[in-house]
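Some notes on the structure that comes next.
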């Protein structure tokens, strides 16, 4: 894979822009990536980062409410945004002859968002509808519970969308304080990929962003202590399908162990030749689907195993299967033939991300924002995967994928829960009379 | 036979029709290091026997579960070893892989499309997985509402049936049914194979001919498809479910992709309820102004295919807003039928459609799909160049005219599922 030619523009106020000229099609993608996410929220203001992202489309000192979308529409492009625990990103895809309007919009949004109180109240209803929509997703509560168990003191404990009560109580003043504290050139990275004139782009960036005052530096948060006990939860659900989520605390994005965890995730359950797929889906026919996600973050993240059970499958047998395969992975590591296949898949996934200007811009922004080596990390990504040998993979699996530090979360259908309780009760009484009294 | 041309977007498409009746299409996507190939045969949902609902879907799901030469696992390992994503589907399948593995990728795709074994054990396992999928979908209010909406709109037409079938119908399907179906319908005549990647299209076609030229079989014969009835009066159905939101679908039968009003309707859709951000009337009113929802859309062209799609207005909202949301949709439908859209509104939509078209052509798999669409719907390879003119020619009067012709308030079916 040829290294990308990336030009870095650094301004005095801490703003950094990465420019890539790409002339496949006459289009330009721009991503403005803020180092602001739910990680930066204080007690009582969960969901504020995401809510603020919505408000960034509701009017600035230069662009009236609705004008950003109307302009984008008119220019034949698209725009959107997302928020996660570490970041908030705003992006545009536009034709090459008019893309610079995106820069003007982003410069205006950095400090000039109006946060009009009437718009705030109206948009709050939309955010609450989004929350309700998520509550109807059967995986959402499971995943949230796993995160809450894994991160007990770190802000990753809180859902990105926030808690309903916090959202209902949020005020425009509190949002303004958050915006002023966190949004500024020193907390943002701009990535532009496409058919651009680099010199002209550099000048526009200097003109538009050079005069914007800084935000506060990102504040420290409590480190998550090493878990001393395994954690287990069982959720009440109205769904008829049982689901399992096992989470393990891991490392930061871009650390060497993160690459090993990617390989281990592939070997464990990311494709059809993986351990869990072969055992639980193909051989034992206990689950209809299994997936494994290595989710590194700015602070140490998580590694998740997700299973959807088939009708009549014994949950204990599924959990035992997951446990045994994870332990076998730590014991045996990844055989050379499997490792070769996995490396090829990882390489392909990076190539696929280069098919569109927007995907390429996102990849650069993500590495710049979340890894200590910035976007240059990308140059070493494939050699790092290639350098991983089995003893190292075994060591990383043994260190992180240890059930003594895991969070195991089950969602059992109601009927099945009652059945399991009865089964346990019958096991207890089968050996003789139930004991009474003390002890 | 080989034909080709270059268009304004520097898109090179070449075509070769084989003696078997299979059409090969190659699109050059310079400066990418990846490759995609899609097979789309003349398979129609309408040919599926009513008592075996889900058969067509199951055939697609089981194509990569084993061939006469490889087990499911061996197929998976072969695809993974070239960094490929190999998938079977109802009409064939697709492969997406690094460009240097294009030959191996197409060989694998050919193998699952031409020679699936449908091993009994794997078929039974996949049936079990589909049963779980059906249970999950039966508990998802959005899917429940969408399925019921399709049933109400399409009646006995095959598109009124859930694509995976029902638990009972899937249980009735045997491996021999899959083999029979595959023999009868996975044939080259009237089918397409399209590939996109960095290579010269002529060379791509040579390689495709060598591989897919081996596809054999008699041309499939298709049975009649029942007509789609228009409802005699509006229908209102609610499926109560214990959920936070209610999902509402309002609409009726739609158009085929070949409908001459397609481009005017595409502009109408974007004025009314399709497109990015909150620029459409429905999004502006129901989300931006009234805060009723996170998700809202309305349109007739997105579902237009070989068979008529639907006009669908959709919203996911809290139960107390159900009636207000439906009233909002109906008022906006009336407005677009009765009042001329503002010139600015129509011009902005046309700017969006003509400008954004290029973004659909960035990915290899989209380019392959575009080439197939261009041929299947007789759009011509120069469609990419003509498209801006087709859209630019639409007037506000035409938008009102096609809205009057294709949106029928008296036939609107309302279906919802979820919280009451």
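Protein chains in written order, with the working numbering: chain P, 1 to 439; chain X, 1 to 420. Where a beta carbon is used, it is the ideal one built from N, C-alpha and C, also for glycine. Since this is a predicted model, take the numbers as computed values, not measurements.
Interface partners of residue i on chain X, CB under 9 Å
{"i": "residue 448/P", "result": "Here chain P covers residues 1 to 439 and nothing more, so residue 448/P does not appear."}
{"i": "residue 348/P", "result": "34, 82, 83, 84, 85, 96, 97, 98 and 101"}
Backbone secondary structure at residue i - three-state DSSP
{"i": "residue 154/P", "result": "coil"}
{"i": "residue 30/P", "result": "strand"}
{"i": "residue 474/P", "result": "This structure leaves residue 474/P out entirely; chain P is present only between 1 and 439."}
{"i": "residue 123/X", "result": "helix"}
{"i": "residue 88/P", "result": "strand"}
{"i": "residue 63/X", "result": "coil"}
{"i": "residue 432/P", "result": "Model confidence at residue 432/P stands at a pLDDT of 35, short of 50, so the residue's coordinates are unreliable; what they give is reported in the following sentence. Looking at residue 432/P - three-state DSSP - the assignment turns out to be coil, as it is neither helix nor strand."}
{"i": "residue 93/X", "result": "strand"}
{"i": "residue 218/P", "result": "coil"}
{"i": "residue 171/P", "result": "coil"}
{"i": "residue 116/X", "result": "strand"}
{"i": "residue 152/X", "result": "helix"}
{"i": "residue 245/X", "result": "coil"}
{"i": "residue 28/X", "result": "strand"}
{"i": "residue 181/X", "result": "helix"}
{"i": "residue 404/X", "result": "helix"}
{"i": "residue 186/X", "result": "coil"}
{"i": "residue 21/P", "result": "strand"}
{"i": "residue 192/X", "result": "strand"}
Contact set for residue i: own chain, Cβ-Cβ below 8 Å, skip 5 residues either direction
{"i": "residue 93/X", "result": "38, 39, 60, 63, 64, 86, 87, 109, 112 and 113"}
{"i": "residue 6/P", "result": "18, 19, 20, 364 and 375"}
{"i": "residue 8/X", "result": "Confidence is the limiting factor: at residue 8/X the pLDDT is only 47, short of 50, which leaves the residue's position unreliable and the question unanswerable from this model."}
{"i": "residue 49/X", "result": "55"}
{"i": "residue 350/X", "result": "267, 391, 392 and 394"}
{"i": "residue 414/P", "result": "236, 237 and 238"}
{"i": "residue 416/X", "result": "145, 237, 238, 239, 246, 247, 248, 249 and 322"}
{"i": "residue 91/P", "result": "29, 30, 31, 32, 79, 80, 81, 358, 361 and 362"}
{"i": "residue 431/P", "result": "Summary for residue 431/P: the model assigns pLDDT 37, below 50, so the residue's position carries little reliability; its value from the coordinates is reported in the next sentence. Correct list: empty, nothing qualifies."}
Partners in chain P for residue i, counting only beta-carbon separations shorter than 9 Å
{"i": "residue 165/X", "result": "Per Cβ cutoff of 9 Å: no residues; residue 165/X is ~16 Å from chain P at best."}
{"i": "residue 354/X", "result": "76"}
{"i": "residue 277/X", "result": "57, 66, 68, 69, 70, 72, 73, 78, 79 and 80"}
Contact set between residue i and chain P, taken where Cβ atoms lie within less than 8 Å
{"i": "residue 173/X", "result": "In chain order: nothing, as chain P lies at least about 17 Å away."}
Residue i: contacting residues in chain X (beta-carbon distance under 8 Å)
{"i": "residue 352/P", "result": "34 and 96"}
{"i": "residue 284/P", "result": "Within chain X, no residue comes near residue 284/P; the closest Cβ sits about 10 Å away, beyond 8 Å."}
{"i": "residue 345/P", "result": "80 and 83"}
Beta-carbon proximity list for residue i, same chain, < 7 Å, skipping 5 on both sides
{"i": "residue 1/X", "result": "Only weak support is given to the placement of residue 1/X: the predicted model assigns it a pLDDT of 35, under 50, and the value that follows is read from those uncertain coordinates. Same-chain partners within the cutoff: 16 and 17."}
{"i": "residue 209/P", "result": "11, 15, 107 and 185"}
{"i": "residue 409/X", "result": "330, 333 and 334"}
{"i": "residue 57/P", "result": "68 and 69"}
Contact set for residue i: own chain, Cβ-Cβ below 6 Å, skip 5 residues either direction
{"i": "residue 72/X", "result": "65, 66 and 122"}
{"i": "residue 295/P", "result": "301 and 302"}
{"i": "residue 292/X", "result": "286, 317, 321 and 325"}
{"i": "residue 157/P", "result": "148 and 151"}
{"i": "residue 385/P", "result": "259, 343 and 346"}
{"i": "residue 427/P", "result": "Its pLDDT being 49, under 50, residue 427/P is placed unreliably in this model, and the coordinates cannot settle the point."}
{"i": "residue 222/X", "result": "44 and 47"}
{"i": "residue 117/P", "result": "172"}
Continuous alpha helix (DSSP H) stretch holding residue i: start and end
{"i": "residue 294/P", "result": "Counting along the chain, residue 294/P falls outside any alpha helix (DSSP H), though it belongs to the beta strand (DSSP E) covering 287 to 295."}
{"i": "residue 202/X", "result": "201 to 212"}
{"i": "residue 73/P", "result": "67 to 74"}
{"i": "residue 390/P", "result": "390 to 400"}
{"i": "residue 321/X", "result": "Careful: residue 321/X lies outside any alpha helix (DSSP H) and carries neither H nor E."}
{"i": "residue 413/X", "result": "Unbroken run through residue 413/X is the beta strand (DSSP E), 413 to 418; no alpha helix (DSSP H)."}
Residues that residue i contacts on chain X, provided the C-beta gap is smaller than 7 Å
{"i": "residue 239/P", "result": "139"}
{"i": "residue 310/P", "result": "128 and 132"}
Boundaries (first-last residue) of the beta strand (DSSP E) holding residue i
{"i": "residue 236/X", "result": "235 to 240"}
{"i": "residue 308/P", "result": "302 to 309"}
{"i": "residue 386/X", "result": "Not the beta strand (DSSP E): residue 386/X falls in the alpha helix (DSSP H), residues 383 to 392."}
Interface residues of chain P facing residue i [CB-CB closer than 7 Å]
{"i": "residue 294/X", "result": "126, 129, 130 and 133"}
{"i": "residue 363/X", "result": "355 and 356"}
message: If the cut-off is 8 Å on Cβ atoms, which residues from the segment 266 to 279 of chain P count as contacting chain X, listed in chain order?
response: Result list: 271, 272, 273 and 278.
Contact list for the segment 305 to 337 of chain X against chain P, Cβ threshold 9 Å: Answer set for the segment 305 to 337 of chain X: 316, 317, 318 and 321.
query: What residues in the segment 56 to 87 of chain P have a beta carbon less than 9 Å from any beta carbon of chain X?
result: Of all residues in the segment 56 to 87 of chain P, 57, 58, 65, 66, 68, 69, 70, 72, 73, 74, 75, 76, 77, 78, 79 and 80 have a Cβ within less than 9 Å of some Cβ in chain X.
task: Taking a Cβ distance cut-off of 7 Å, strictly less, list which residues of the segment 241 to 259 of chain X are near chain P, in chain order.
output: Within the segment 241 to 259 of chain X, 242, 243, 244 and 245 place their CB atoms closer than 7 Å to a CB of chain P, listed in sequence order.
Interface residues of the segment 113 to 135 of chain X facing chain P [CB-CB below 8 Å]: For the segment 113 to 135 of chain X, the set of positions with a beta-carbon nearer than 8 Å to some beta-carbon of chain P reads 125, 128, 129, 131, 132, 133 and 135 in chain order.
- prompt: Which residues, in order along the segment 156 to 179 of chain P, keep a beta-carbon less than 7 Å from a beta-carbon of chain X?
  reply: So nothing in the stretch comes that close.
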